[in-house]
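Below is one structure; the comments refer to it alone.
Chains as they are written, first to last, in our numbering: chain C, 781 to 893; chain Y, 525 to 636.
Encoded structure:
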């Protein structure tokens, strides 16, 4: 139980385009999901907390207009990287809250050319 | 300011021996702690957690110890297996908020 999926697993896009990443809780409902970013050999940095039916809460330094989050249902949250630039290239990971624990998706590798 | 620290970036252990991974935190208000295991290009996998009302929690080969006065927790893996080779992250949280602060990770290598 407590399986989280992410799609796509890898995406390459041109600079200036937008990319949408989906995060789904497959066998449980999650009112709260989280979006993280991980740079090589670094820790997971929380970007935002996504709450079903309400606006996401962004961490300090994360541009909400750049990283659009939508949590329209209890099993799906999406992260859209708008007008992506090479510095947005990273590994993006979502997690979904189930009871007291966050369960993570497999991550999405984004490469912006 | 790093609130959760894992001072050892890497650790090598012989198969069958004990692996001890350490984690320190600065905020005494954290009351829920977790360990995750992560393989390259994958999301972290939950291993074990501990609430601040306990000082030890055990699950199979994995035991987490919490020393609140020292603001220190550790993960013991006994016996270590080659499949345990991965990066291990500790995380701290305020229970009820579910917002985790992750350490920088320790890469464990279990040698066959």
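Yeah, the Cβ is synthetic: ideal placement off N, Cα and C, and Gly gets one too. Since we're looking at a predicted model, the values are computed, not measured.
Of all the CB atoms in chain C, is at least one closer than 7 Å to the CB of residue i?
i, result
"residue 607 of chain Y", "no"
"residue 612 of chain Y", "no"
"residue 557 of chain Y", "no"
7 Å is my cut-off, CB to CB: does residue i come that close to chain Y?
i, result
"residue 884 of chain C", "yes"
"residue 796 of chain C", "no"
"residue 824 of chain C", "yes"
Between which two residues does the beta strand (DSSP E) carrying residue i extend?
i, result
"residue 806 of chain C", "Premise fails: residue 806 of chain C is in no beta strand (DSSP E) and is neither H nor E."
"residue 855 of chain C", "Segment: none, residue 855 of chain C is in no beta strand (DSSP E) and carries neither H nor E."
"residue 544 of chain Y", "543-549"
"residue 583 of chain Y", "580-583"
"residue 870 of chain C", "870-878"
"residue 637 of chain Y", "Chain Y is shown from 525 up to 636; residue 637 of chain Y falls before or after that span and cannot be answered."
"residue 824 of chain C", "824-831"
"residue 622 of chain Y", "From DSSP, residue 622 of chain Y is part of no beta strand (DSSP E); its letter is neither H nor E."
"residue 531 of chain Y", "From DSSP, residue 531 of chain Y is part of no beta strand (DSSP E); its letter is neither H nor E."
Can the beta-carbon of residue i be found closer than 7 Å to that of residue j?
i, j, result
"residue 830 of chain C", "residue 628 of chain Y", "no"
"residue 600 of chain Y", "residue 544 of chain Y", "yes"
"residue 886 of chain C", "residue 607 of chain Y", "no"
"residue 798 of chain C", "residue 862 of chain C", "yes"
"residue 578 of chain Y", "residue 589 of chain Y", "no"
Check each candidate in the options and name the one with the smallest Cα separation from residue i.
i, options, result
"residue 531 of chain Y", "Y:606, Y:540 and Y:546", "Y:546"
"residue 871 of chain C", "C:791, C:785 and C:881", "C:791"
"residue 847 of chain C", "C:854, C:853, C:878 and C:838", "C:838"
>> At a CB distance below 8 Å, what residues from the segment 830-851 of chain C approach chain Y? Give them in sequence order.
In response: none
>> Along the segment 561-574 of chain Y, where does the CB come closer than 8 Å to a CB of chain C? Name the residues.
In response: 565, 566, 567, 568, 569, 570 and 573
>> Can you pull out the residues from the segment 867-891 of chain C whose beta carbon lies closer than 9 Å to at least one beta carbon of chain B?
In response: In the structure shown, chain B does not exist; the protein chains are C and Y.
> Residues in the segment 807-821 of chain C with C-beta within 7 Å of chain Y's C-beta atoms, listed in sequence order?
Replying inline: 812
> Which residues, in chain order, does the segment 574-594 of chain Y contribute to contact with chain C at a C-beta distance below 8 Å?
Replying inline: none
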